[in-house]
Every structure is written in structure tokens, then in C-alpha cells.
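Under the UniProt record's numbering, the sequence shown is numbered contiguously, ending at residue 434.
We put the CB at the ideal spot given by N, CA and C, even for glycine.
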Amino acid sequence: MKKDYVSIGLLGLGTVGSGVVQLVENHQDELRHQLGCGVKVKSILVRNTEKERDIQIGQTFLTSNPDDVLQDPEIDLVVEVMGGIEEAKEHITKAIQAKKHVVTANKDLIALHGPELQKSAVENGVDLFYEASVGGGIPILRGLTEGLVSDRLKKVMGIVNGTTNYILTKMEEEGQSYEDALKKAQELGFAEADPTADVEGLDAARKMAILARLAFSTSVDLDDVEVEGISKLSLEDLHYGQKLGYTMKLIGFAQVDDNKLEVSVQPTFLSKSHPLSSVKNEYNAIYVQGEAVGETMFYGPGAGSLPTATAVMADVVAVIKNLLLEVNGKSAVAPRYESVLKSPQERFGQFYFRLHLADEVGAFSQITTLFNELDISFEKILQTPLNKGELAEIIIVTHTVSLDNFQEALMKLRDLSVVKDVISYYRVEGNGDK
């Protein structure tokens, strides 16, 4: 199919949409070289056509009527960067039914309705791509589905939320409180006025559902992802972690063993030798482990106008190449497996925990006896006296143990009279204790 131009319809003209317009306008020579044809934005759906915008664009391109984009026969490809779920889903569904290809950056939509929309795209012979939904400008999804397609992937873990990584960096390196670090993130535009989705791990959970689907060719629902955020983290735990050789990150974790899956988002102490431990501020990184490739890591800006728009445009180019070759709608692969989640007995890891213990003879031996009974051994121990010798603060890092045994140990710890309080506990990763 020979074309002089491929026309795009844009849904949304916010941060990412403006970036897409910039790249299309400024990179025409590169696009034409890659594709043999030009790319142009024909119509842009906005809520208010009269609103002043940072980007200069003619009024004739703007519309508040979705049908001007979704039903225009000259538009081959719809790019959705408006955000939200229900309205975006409605527009994308109409676009697919109108035989238009779709590129979206909408992680919330893809996490919740991706499989359903992908099925509809295949049935209608069109492409649905969503590289920008995870990792901003990092080409992680195409890396999983194309670059590593011949491998059997075993683990995907990463820092997939820049807001929380920025906050944790400021807490660890500058000693800022959670509240002060969050406020600074909001001032810089890294955090929303309502930061709940970021700091409670919901944003990262949506991304991990998408990553796990693609990495392991399995059906993963958002409800399959265990989620814990960073809002309850204390500077004391971060300080102890540093003394033990760890750094704290909000880690999305997905692993498969014997076709059984675990997916979670939780604050995790990483050994400072782990590649992810050096990822700071608003940056993202995804660490992938495969049987053949071994260990790889994808690193880059997790958000921002031009980085995210770059990922969007990579999908646009892929769609247009398929269009010119007349092979659209044939690249999507249905999940190979139904997800079967691991039980707590099948999940293993190391754990950090901090407790207050009566500072008396034999108190710690009761702890060790309890853990020995559950076949849990200790790798690291710190002890600090509190309250003029009445209490001791104990920090312990276990060797690898099943989640079931560790949870049972925590429950029984609280029943010991010498244990005054279990303050906190977190997963530990990257110690080399297999």
C-alpha cells in the first residue's frame, strides 16, 4: 500500500499529546526516511477548543466532537492520550470497530481492559499497541515481546513509578520525612495533588499486571497483584536498612515457577549490589531475568512529555509499517496460560523485621527458639537498647524462607510476652541467598 501521508487522530492534548504533536512536526524527515511516507496529525479531540495551550496549533485541528476523529475515513490511526478509563474505552472501542488502528498510553485502561480490547482489535484486523503505558520512554514492552521473545522469562521486577522513587531517594539521601519529600515531589510536578495512586502502589500494580501478562504469556487480572505502598515507611527503617547494606525501593515483582505466578508491589530492601538499587529520583528501571539471556535491565525516564511521546511514536511507526505491508492485526498473541497464583507455601524470599523486645535475660533466646521451630535462620542481626534498658530494638534479616512460615512466625511473635511490639517488616531482595 503506497501512501504519501498517514493521518493520525489524537484523543487528548495534554502533556503527552503535546509531545506527540511536537515529535510529528519536528521529526518529519526521520519519519519519512523510516517509512517512505509522511505522518500528519489531522484532528485532535479536546474538551475545550478555546483553551490557551503551551503548544502552538491551529484551531482547525481541534474538535470537541469525538466523531470528527473516530468516524473520519481519512484517519488511519487513533492515538489515545486523554487518560481516564470509561470514556477512553468507549472511544477506543469505536475506533477499533471503525477499523482504525489504536495506540494508547493508558496504563489504567490496559491493566483493566487490555485483553478484551486486544481481542476486539484482532477480530477487526487492526493493531492495538500500548508501549507508553509502562515505563514512559523505556521500550520495555517491545523488549519483552520482540527482543526476548525466544527466551523463557522467569522474573520481572522493577521501579515503575517515578513519584515514589523520587520520594524514597529524598528520604534516604537527605533524611527528609515522607511528608516533606511528597510535598517537594508535588511542587516539581512529579506527584499529583492527590498522590494516592502513586504512593499506595496502585499505579505500579497496573503496570505490573501488564508486564506479567506479556512476560509470561499468561492472563493476569489487576486483582491478582498484591499491593502495598510507601506511606507508612519510617526514616528509622530506612536508616537501619542502610546500616545493613540495603536501599529501600517500591518494587514491582513478578515471577513464575512451574507455571505458577506471583505478582506484587511492595516496599523492598535491595542489596546495594543489586542493579536496581542505584536507580534514583524520578527514573524507572525494569530488571528482567530469562533462562537464556540471563539478567538484563531497561532504564530511563518513566514519565514526561517527550520521553512518553517517544514511546507513543514508536508504536505509531510500528502500526504504519504494518499498514504499508498490509499485515495489521496479526502481531497480537493470545495468552498461552491461565494464571495460577502461588500459595504462601510456594512463595519464598528473605525478610527484614524490626521489633521491640523486653531487655532481659533469655528474651532473645525465645525468639531464636521460635524461629528454629519454623526452620527460619537469621542472616543479619542488629540490637539497640531503648528506654534506659527496659526495651531493646531488634532488627533481623532472615535467610530465604517461605512466606507461609514467615507469616506464621510473625503471628507467634506477637504472642510472646517478651515481644512488646512488631514495628515493621519488609521483603529483602538481591542478597545472593538463593
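Look at Asp257 here: in three-state DSSP terms it is strand. With contacts defined by Cβ atoms closer than 7 Å, Phe269 and Tyr426 form a contacting pair.
With a 10 Å radius around the Cβ and a threshold of 16 neighbouring Cβ atoms, Arg213 comes out buried. Two segments are said to touch when three or more pairs of C-beta atoms, one from each, lie closer than 8 Å; by this definition the segment 107-120 does not touch the segment 139-154. With respect to Ala205, Asn161 sits apart: the two C-beta atoms are not nearer than 7 Å. Apart from the 5 residues on each side of it in sequence, Glu390 sits with its Cβ closer than 8 Å to the Cβ of Ala358 and Asp359 in its chain, given in chain order.
In the structure shown, Leu188 falls within a coil segment according to DSSP collapsed to helix, strand and coil. Annotation for Ser64: Thr49 place their beta carbon closer than 6 Å to its own, counting only its chain and skipping 5 residues before and after. Under the rule that a run must span 4 or more residues, the alpha helix (DSSP H) segments found entirely inside the segment 282-328 read 305-325.
Taking the CA atoms as reference points, Gln97 sits about 17 Å from Val319.
For Ile55, the CB contacts under 8 Å within the same chain, skipping 5 residues up- and downstream, are Leu13, Ser18, Val21 and Gln22 in chain order. Judged by beta-carbon spacing, Ser219 lies beyond the 7 Å limit of Ser343, meaning their Cβ atoms are not closer than that value. With respect to the 7 Å criterion, Ala105 and Val16 are classified as neighbours on the basis of their beta carbons. Taking all protein chains shown into account, Arg354 has 16 or more neighbouring C-beta atoms within 10 Å of its C-beta and is therefore buried.
With a 10 Å radius around the Cβ and a threshold of 16 neighbouring Cβ atoms, Gln350 comes out buried. Assigned with DSSP and collapsed to three states, Gln71 falls in coil, not helix or strand. Secondary structure in the segment 67-133: the beta strand (DSSP E) runs of 3 residues or longer, each lying completely within the stretch, are 77-80 and 101-104 in chain order.
Closest in C-alpha terms to Gly38, from the list Pro139, Val134 and Val317, comes Val317. Thr384 is bridged by DSSP to Glu393. A check of alpha carbon separations from Phe378 across Thr400, Thr384, Ala363 and Ala332 identifies Thr400 as the nearest. Residue nearest to Glu25 within the set Leu10, Thr163, Val41 and Lys89 is Val41 (criterion: CA-CA distance). One Cα belongs to Asn165, the other to Asn259, and the distance between them is close to 31 Å. Within the same chain, and ignoring the five residues on either side of Val46 in sequence, the residues whose Cβ sits closer than 6 Å to its Cβ are Leu13 and Leu62. With a cut-off of 8 Å on Cβ pairs, the segment 227-240 is not in contact with the segment 298-315, counting fewer than three such pairs.
Taking Gly290 as reference, the option from Ile44, Val149 and Arg347 with the minimal CA-CA separation is Val149.
By the C-beta density criterion, Asn328 is buried, having at least 16 other C-beta atoms within 10 angstroms. In this structure, Val79 lies near Leu10, with their beta-carbon atoms less than 7 Å apart. Around the C-beta of Asn372, fewer than 16 other C-beta atoms lie within 10 Å, and the residue is accordingly described as exposed. Here Val397 is near Tyr352, since their CB atoms are less than 7 Å apart. Put simply, the backbone Cα of Gly114 is about 21 Å away from that of Asp76. Of all alpha-carbon atoms in Asp29, Pro267, Asp237 and Tyr240, the one lying nearest the alpha-carbon of Glu226 is that of Pro267. About 5 Å separates the CB atoms of Leu109 and Ala88; that is less than 8 Å, so the two are in contact. For Val156, the enclosing beta strand (DSSP E) begins and ends at Leu153 to Ile159. With a beta-carbon spacing of about 34 Å, Asn281 and Asp127 fall beyond the 8 Å limit used to define contacts. Counting only residues of its own chain and dropping the five nearest sequence neighbours on each side, Ile210 has a CB closer than 7 Å to the CB of Lys107, Ile110, Ala111, Gly114, Ser133 and Val134. The beta carbons of Thr163 and Ala181 sit no closer together than 7 Å.
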